[in-house]
Amino acid sequence: MSKESRLKFSADEILANVPVKEPLIVNGVKCHGGFDDDGRYRSPRTLMRVPAIKAWQEQHRATSGMALVEIPADTIPPYMPNAAQAKFLLRSGVREPMVRTLTEIAIVEGFGAMIRELPVPPLKSFIRENTEGTALAHLTTGLFEAHARDEAGWSEEGGHRQMWEAARDAALSKPEISSEIFASIMTRRGPANPPALFPELGEGVERLIRFMVNVLAIEVFAASTFAWAEEVLSDPEVSDAPDDTARLVRFIRSDEAPHVEYLRTALSEIAARTILTLDGKPLAANVVVDQMMDRSIRMMLRTRINDRPMMIREVIRRTAKVNDVEELMRQFDALGTSWTPPSRFADVANQSSATVG
Ligand SMILES: [Fe+2]
Ligand SMILES: [Fe+2]
Numbered sequence: 003m004s005k006e007s008r009l010k011f012s013a014d015e016i017l018a019n020v021p022v023k024e025p026l027i028v029n030g031v032k033c034h035g036g037f038d039d040d041g042r043y044r045s046p047r048t049l050m051r052v053p054a055i056k057a058w059q060e061q062h063r064a065t066s067g068m069a070l071v072e073i074p075a076d077t078i079p080p081y082m083p084n085a086a087q088a089k090f091l092l093r094s095g096v097r098e099p100m101v102r103t104l105t106e107i108a109i110v111e112g113f114g115a116m117i118r119e120l121p122v123p124p125l126k127s128f129i130r131e132n133t134e135g136t137a138l139a140h141l142t143t144g145l146f147e148a149h150a151r152d153e154a155g156w157s158e159e160g161g162h163r164q165m166w167e168a169a170r171d172a173a174l175s176k177p178e179i180s181s182e183i184f185a186s187i188m189t190r191r192g193p194a195n196p197p198a199l200f201p202e203l204g205e206g207v208e209r210l211i212r213f214m215v216n217v218l219a220i221e222v223f224a225a226s227t228f229a230w231a232e233e234v235l236s237d238p239e240v241s242d243a244p245d246d247t248a249r250l251v252r253f254i255r256s257d258e259a260p261h262v263e264y265l266r267t268a269l270s271e272i273a274a275r276t277i278l279t280l281d282g283k284p285l286a287a288n289v290v291v292d293q294m295m296d297r298s299i300r301m302m303l304r305t306r307i308n309d310r311p312m313m314i315r316e317v318i319r320r321t322a323k324v325n326d327v328e329e330l331m332r333q334f335d336a337l338g339t340s341w342t343p344p345s346r347f348a349d350v351a352n353q354s355s356a357t358v359g
């Protein structure tokens, strides 16, 4: 059987690297991934993982006739500040919002390590149909571990956390980092365990699906953030290392693709099956996945269109060393992008995640 059509892999196979000729070294730190004979960047742990995900996706489509679940593109608001606003702030000497944003990205990438701690209940205990040779069956056999290593680094090797810190320090000439940024992220993250949507599933199963749905939403929203960061950091007018940092962000962006793909595959595999409640009753799994996705999108939306703009404006006002901060805000606002959520999420506008449970 060719490796593309295989459906079962060991953890070591999922974690295997494409052979590279040269490692990626950033600021003297050896990072994951590397360059092949043609000088092309190859993401870490993708030799078997990428063809495996593709094979599972094909199998899912062929056996269920269902499309893969996804976070609809129209639910993703533009990043605030947008690229023009971010560049305007940097040109005006207001660097703290950018420093803070890049530091937050690095910290959140580091949180990715937590996915390896996520307990996965025995699949047979809550899924009625067979799950052999699926992404689901490989969550604890390589997929979560590969994801954790990509985000937080592994052993002596830097991952996304270190790569974003390097991008920030190179583009903004090693800025000072306020120790309060970490605390502020923790406050905004809200409760770790929201009320159960499906108490009949039990905490273990709900936690697994909720966690995967939340990480998928974070990954998909982050894709637009990373595109934004590449656009800002590659501008020689505002970045001290436009080529190096743009390159680095491009590498990170390409590493992210398998994360989105394996998560939506595993969630699609659940959605196409029957979930069993704690007392063995069948439940339409697509409804469970849909409702969890809906809640997750609402949470991400609230953060991006309400909490984040509020935080950015506060940071600008507090740190801008300009004569007329009102004039600065006026120019900043004039560059803004207006955006309307799809009608089914219209109620999210003007709700803060701190006040909405
Ligand atoms: Fe990442
Ligand atoms: Fe990721």
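So the sequence shown is numbered by this note's numbering: it starts at 3 and just counts up by one.
Cβ coordinates follow ideal geometry from the N, Cα and C atoms, glycine included.
Buried versus exposed, by CB contacts within 10 Å (16 or more), residue i
| i | result |
| --- | --- |
| Ala287 | buried |
| Glu6 | Annotation note: pLDDT 49 at Glu6 (below 50); position unreliable, no value reported. |
| Pro260 | buried |
| Arg151 | buried |
| Trp341 | exposed |
| Ile27 | exposed |
| Thr357 | Caution applies to Thr357, whose pLDDT of 44 falls short of 50 and renders its modelled position unreliable; the value that the coordinates give is listed next. Exposed. |
| Pro74 | exposed |
| Ser1 | Nothing about residue 1 can be reported from this structure: the residues present for the chain run from 3 to 359 only. |
| Gln333 | exposed |
| Thr339 | exposed |
| Asp349 | exposed |
| Lys2 | For residue 2 there is no data in the structure shown, the boundaries of the chain being 3 and 359. |
| Ala154 | buried |
| Arg319 | exposed |
| Val243 | For the sequence presented, residue 243 should be read as Ala rather than Val. By the 10 Å Cβ count, Ala243 comes out buried. |
| Ser45 | buried |
| Pro83 | buried |
| Gly41 | exposed |
| Asn132 | exposed |
| Ser4 | Low per-residue confidence applies at Ser4: pLDDT is 49, beneath 50, and the placement is therefore not dependable, though the value from the model is reported in the following sentence. Ser4 should be labelled exposed. |
Cβ pair residue i, residue j closer than 9 Å
| i | j | result |
| --- | --- | --- |
| Phe184 | Ile109 | yes |
| Gly377 | Ile277 | Outside the modelled stretch of the chain, which goes from 3 to 359, sits residue 377, for which no answer is possible. |
| Trp58 | Gly135 | yes |
| Ala13 | Glu159 | no |
| Ala351 | Ile299 | no |
| Leu120 | Phe213 | yes |
| Val71 | Val291 | yes |
| Pro99 | Thr247 | no |
| Leu138 | Ile55 | no |
| Ala85 | Val234 | yes |
| Leu199 | Gln293 | yes |
| Arg418 | Pro284 | Because the chain spans 3 through 359 in this model, residue 418 falls outside it and cannot be assessed. |
| Phe253 | Tyr43 | yes |
| Ala172 | Leu91 | no |
| Arg63 | Ala18 | no |
| Glu316 | Leu265 | no |
| Val101 | Leu174 | yes |
| Thr65 | Pro343 | no |
| Ser181 | Val324 | no |
| Pro79 | Leu303 | yes |
| Val215 | Met116 | no |
Residue span of the beta strand (DSSP E) that contains residue i, given as start and end
| i | result |
| --- | --- |
| Leu91 | Not the beta strand (DSSP E): Leu91 falls in the alpha helix (DSSP H), residues 85–93. |
| Thr276 | 276–278 |
| Glu131 | Per DSSP, Glu131 belongs to no beta strand (DSSP E) and is neither H nor E. |
| Glu24 | 24–28 |
Strand pairing of residue i, partner residues [DSSP]
| i | result |
| --- | --- |
| Trp156 | Glu159 |
Residue i - containing alpha helix (DSSP H), residue span
| i | result |
| --- | --- |
| Leu218 | 205–235 |
| Leu269 | 244–273 |
| Glu239 | Glu239 -> no alpha helix (DSSP H), and no H or E assigned at all. |
| Gln353 | Where Gln353 is concerned, there is no enclosing alpha helix (DSSP H), given that its DSSP letter is neither H nor E. |
| Phe334 | 327–336 |
| Ala13 | 13–16 |
Residue i: CB within 8 Å of a non-hydrogen atom of ligand 4
| i | result |
| --- | --- |
| Asp152 | Ligand 4 is not part of the structure shown, which contains ligand 1 and ligand 2 as its ligands. |
Interface flag, residue i vs chain C, CB-CB below 9 Å
| i | result |
| --- | --- |
| Pro46 | Going by chain labels, chain C is absent from the structure shown, which holds only one protein chain. |
Just to confirm the assignment: which complete alpha helix (DSSP H) runs, minimum length 4, are found wholly within the segment 283–318? 287–304
Counting only runs of 3+ residues fully inside the segment 30–117, write out the beta strand (DSSP E) ranges in chain order. 31–37
Please give the ranges of any alpha helix (DSSP H) in the segment 163–203, keeping only runs that are unbroken, at least 4 residues long and fully inside the region. 182–191
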